[in-house]
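In the working numbering, the protein residues as written are 3 to 565.
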């Protein structure tokens with residue numbers, strides 16, 4: 003019964019958002035109310051304590067919202083400065099082959115944007131660019147949603163791991179102090195590094211090779227003039243070239259530096275390498291492939307924006323100047339995230355602390371490292387620097403900030419309730435009945451049903467969390483403790499199971515309702531979200547199956563004594 007009560011908020015969100023197609027702004031408050039009901043009647047927690055728990059979650063949500071705002075602000079600053087159109091113009095000149103454009107823009111450019119900004123911006127930015135190059139709107143949306151998956155394991159400067167796993171850190175310290183075999187993490191930062199090592203190189207790297215080949219075959223089969231997989235597979239050499247270009251820096255930074263940089267550096271370096279290679283004809287297919295004349299397209303492929311509405315971009319400045327804000331973002335992130343340079347400790351040490359004392363619970367507290375959040379430095383800082391760098395007028399800069407604030411309404415409502423739900427989940431272990439927390443009670447039930455086969459399913463839970471909440475970060479906040487609890491119940495290696503959660507949350511981005519709605523809006527397909535979800539669920543299941551196999555093998559190979 004306790005497990006069912008813990009499952010109720012998740013089921014509510016799933017039914018409302020999928021079955022009834024409610025927006026997250028309406029579904030998440032209802033899911034939060036279900037969590038309140040479960041905490042009160044299953045765990046015996048009083049209303050005042052639940053209010054304090056929700057307040058704790060709201061403070062965490064503010065930290066996430068600062069990052070979201072900074073990411074949106076960079077996007078709109080570049081749009082109003084003309085920098086984004088200049089970048090798009092440069093992309094348009096590289097190759098006329100739609101398969102190559104799909105890899106350069108949908109795979110690599112979107113991976114870089116994910117590493118720099120995240121939070122749904124890659125698909126919303128890359129899909130209109132593909133549309134302008136002659137892609138059917140439906141194909142453009144699907145390509146960008148599916149490719150925006152393996153970079154999301156690390157997301158915007160490591161946020162899904164650094165912020166998403168913050169509630170697991172106390173459990174790590176407790177396990178290390180108890181002498182649990184295989185756990186010897188000296189600090190939360192070291193734990194984050196290890197999770198990145200397990201999440202990035204083994205699982206995400208494999209999919210970085212598989213997914214581009216699969217997706218090119220997919221789009222030529224369902225959207226190509228010949229309707230065959232082989233047209234896409236003919237570009238396999240360029241797919242492998244792109245995967246190597248991305249994976250080498252991605253792997254290196256995940257293994258040696260930490261979770262902040264793999265997607266950012268992998269996307270940036272990979273983009274430069276494959277653009278140079280494409281211009282030189284390296285690994286390019288012998289024949290050019292396109293979607294053909296838009297007059298022959300199936301009417302279901304287009305919506306408000308037809309193939310004839312594509313746009314020719316103009317260059318408003320040099321490519322260097324257009325890309326300079328992103329270069330500054332990368333440089334500032336490196337400078338402020340490497341501990342030996344000293345700025346990391348300085349920025350992280352500045353906090354705004356809050357307690358729920360006004361609700362009668364001063365023991366429940368939370369803080370915001372507002373200078374260390376990437377939304378502040380570098381995103382907002384670079385947005386301000388871009389004004390003189392791109393010669394923006396005061397009116398243009400004002401418009402960028404105004405639009406960015408306006409775009410925050412719906413994410414704010416959804417995230418405040420989603421993360422408040424997460425806090426009730428994790429803090430419910432403090433109750434008058436001596437019960438374990440809601441995620442741990444759920445973990446006990448799941449462990450009893452699934453047993454040691456859990457590594458095959460761990461990533462699906464991460465994907466489900468991203469599907470419901472619209473964010474890998476919030477998925478990790480919601481389910482990472484649950485994954486830790488299942489691993490503890492089954493005596494499985496906790497770091498591998500938590501890493502599978504992180505990777506699954508990244509894969510869930512392709513079926514995430516928020517991202518699908520955003521992608522549909524920018525390519526004129528509003529109302530066709532269900533059609534896109536039916537298409538993206540298949541690559542998600544492929545992704546989850548591969549990650550499940552890899553996680554199971556890693557558990558068996560590296561921890562054989564547990565089996």
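For every residue, glycine included, the Cβ atom is placed at its ideal position computed from N, Cα and C.
Given the structure is predicted, the values throughout are model-derived calculations rather than measurements.
Rounded to whole angstroms, what is the Cα-Cα separation between residue i and residue j?
{"i": "residue 158", "j": "residue 22", "result": "31 Å"}
{"i": "residue 549", "j": "residue 17", "result": "26 Å"}
{"i": "residue 485", "j": "residue 296", "result": "47 Å"}
{"i": "residue 554", "j": "residue 458", "result": "6 Å"}
{"i": "residue 343", "j": "residue 335", "result": "12 Å"}
{"i": "residue 2", "j": "residue 381", "result": "No information on residue 2 is available, as it lies outside the stretch 3 to 565 that the chain covers here."}
{"i": "residue 99", "j": "residue 246", "result": "20 Å"}
{"i": "residue 579", "j": "residue 251", "result": "Absent from the model: residue 579. The displayed extent of the chain is 3 to 565, so no value can be given."}
{"i": "residue 94", "j": "residue 135", "result": "7 Å"}
{"i": "residue 311", "j": "residue 362", "result": "At residue 311 the pLDDT is 45, less than 50, meaning the model places this residue with poor confidence; the figure from the coordinates comes in the next sentence. Cα-Cα distance, rounded: 59 Å."}
{"i": "residue 401", "j": "residue 76", "result": "12 Å"}
{"i": "residue 206", "j": "residue 377", "result": "25 Å"}
{"i": "residue 535", "j": "residue 514", "result": "9 Å"}
{"i": "residue 346", "j": "residue 374", "result": "8 Å"}
{"i": "residue 279", "j": "residue 424", "result": "45 Å"}
{"i": "residue 232", "j": "residue 304", "result": "24 Å"}
{"i": "residue 480", "j": "residue 290", "result": "46 Å"}
{"i": "residue 460", "j": "residue 395", "result": "50 Å"}
{"i": "residue 298", "j": "residue 132", "result": "18 Å"}
{"i": "residue 445", "j": "residue 488", "result": "5 Å"}
{"i": "residue 437", "j": "residue 7", "result": "13 Å"}
{"i": "residue 371", "j": "residue 329", "result": "24 Å"}
{"i": "residue 367", "j": "residue 187", "result": "25 Å"}
{"i": "residue 176", "j": "residue 196", "result": "17 Å"}
{"i": "residue 19", "j": "residue 13", "result": "10 Å"}
{"i": "residue 256", "j": "residue 249", "result": "10 Å"}
Taking its Cβ as the centre, do 16 or more other Cβ atoms sit within 10 Å of residue i, making it buried, or is it exposed?
{"i": "residue 559", "result": "exposed"}
{"i": "residue 507", "result": "buried"}
{"i": "residue 230", "result": "exposed"}
{"i": "residue 48", "result": "exposed"}
{"i": "residue 369", "result": "exposed"}
{"i": "residue 3", "result": "exposed"}
{"i": "residue 503", "result": "buried"}
{"i": "residue 150", "result": "buried"}
{"i": "residue 511", "result": "buried"}
{"i": "residue 179", "result": "exposed"}
{"i": "residue 565", "result": "In this prediction, residue 565 has a pLDDT of 49, which is less than 50 and means its spatial position is unreliable; what the coordinates show is noted afterwards. Answer is exposed; the Cβ neighbour count stays below 16."}
{"i": "residue 226", "result": "buried"}
{"i": "residue 404", "result": "exposed"}
{"i": "residue 65", "result": "buried"}
{"i": "residue 83", "result": "buried"}
Measure from the alpha carbon of residue i to the alpha carbon of each residue in the options, then state which is nearest.
{"i": "residue 527", "options": "212, 100, 235, 144", "result": "144"}
{"i": "residue 452", "options": "426, 329, 491, 403", "result": "491"}
{"i": "residue 2", "options": "178, 68, 468, 217", "result": "The shown model of the chain, from 3 to 565, leaves out residue 2, and the question about it has no answer."}
{"i": "residue 1", "options": "95, 393, 142", "result": "No information on residue 1 is available, as it lies outside the stretch 3 to 565 that the chain covers here."}
{"i": "residue 224", "options": "474, 289, 300", "result": "300"}
{"i": "residue 34", "options": "25, 15, 44, 19", "result": "15"}
{"i": "residue 189", "options": "433, 167, 65, 149", "result": "167"}
{"i": "residue 276", "options": "65, 102, 151", "result": "102"}
{"i": "residue 236", "options": "249, 248, 227, 222", "result": "222"}
{"i": "residue 434", "options": "44, 12, 32", "result": "44"}
{"i": "residue 476", "options": "417, 411, 97, 454", "result": "417"}
{"i": "residue 500", "options": "514, 513, 509, 483", "result": "483"}
{"i": "residue 533", "options": "62, 211, 139", "result": "139"}
{"i": "residue 184", "options": "493, 327, 509, 356", "result": "493"}
{"i": "residue 410", "options": "357, 32, 72", "result": "72"}
{"i": "residue 220", "options": "556, 538, 552", "result": "538"}
{"i": "residue 319", "options": "497, 115, 393", "result": "393"}
{"i": "residue 170", "options": "181, 194, 338", "result": "194"}
{"i": "residue 570", "options": "287, 264, 265", "result": "In the structure as shown, the chain starts at 3 and stops at 565, and residue 570 therefore has no counterpart that could be examined."}
{"i": "residue 509", "options": "495, 466, 498", "result": "466"}
{"i": "residue 160", "options": "91, 413, 325, 262", "result": "262"}
{"i": "residue 79", "options": "327, 110, 209", "result": "327"}
{"i": "residue 389", "options": "462, 174, 323", "result": "323"}
Below 6 Å, is the gap between the Cβ of residue i and the nearest heavy atom of the ligand HEM?
{"i": "residue 130", "result": "Among the ligands in the structure shown, none appear at all, so the ligand HEM cannot be discussed."}
Between residue i and chain D, is any beta-carbon pair separated by less than 7 Å?
{"i": "residue 26", "result": "The chain labelled as chain D is not found in the depicted structure, where only one protein chain is given."}
Handout entry: Cβ pair count under 8 Å reaching 3, the stretch 345 to 361 against the stretch 27 to 39
Key = No: fewer than three Cβ pairs fall under 8 Å.
Exercise for the section: Run through the stretch 389 to 424 for me and flag every whole alpha helix (DSSP H) of 4 or more residues, listed as ranges in chain order. Expected result: Segments of the alpha helix (DSSP H) lying fully in the stretch 389 to 424: 396 to 408.
Practice task
Take every Cβ of the stretch 264 to 274, pair it with every Cβ of the stretch 76 to 91, and state whether three or more of those distances are shorter than 8 Å.
Solution key: The stretch 264 to 274, when compared against the stretch 76 to 91, does not touch it at the 8 Å Cβ threshold.
Practice task
Determine, using beta-carbon pairs with one atom in the stretch 49 to 62 and one in the stretch 438 to 453, whether at least three such pairs fall under 8 Å.
Solution key: No, they do not touch.
Handout entry: alpha helix (DSSP H) runs contained entirely in the stretch 434 to 470, provided each spans 4 or more residues
Key = For the stretch 434 to 470, the full-length alpha helix (DSSP H) segments reaching 4 residues or more read 440 to 452 along the chain.
Exercise for the section: Evaluate contact between the stretch 231 to 243 and the stretch 153 to 168, counting only Cβ atoms and requiring at least three cross-stretch pairs below 8 Å. Expected result: No, the stretch 231 to 243 does not touch the stretch 153 to 168.
Problem - Cβ pair count under 8 Å reaching 3, the stretch 419 to 438 against the stretch 58 to 67 - result: The stretch 419 to 438 makes contact with the stretch 58 to 67, as at least three CB pairs between them are under 8 Å.
Exercise for the section: Indicate whether the contact test is met: 3 or more Cβ pairs, each with one atom in the stretch 529 to 549 and one in the stretch 210 to 221, closer than 8 Å. Expected result: Judged by pairs of C-beta atoms under 8 Å, the stretch 529 to 549 touches the stretch 210 to 221, as three or more such pairs exist.
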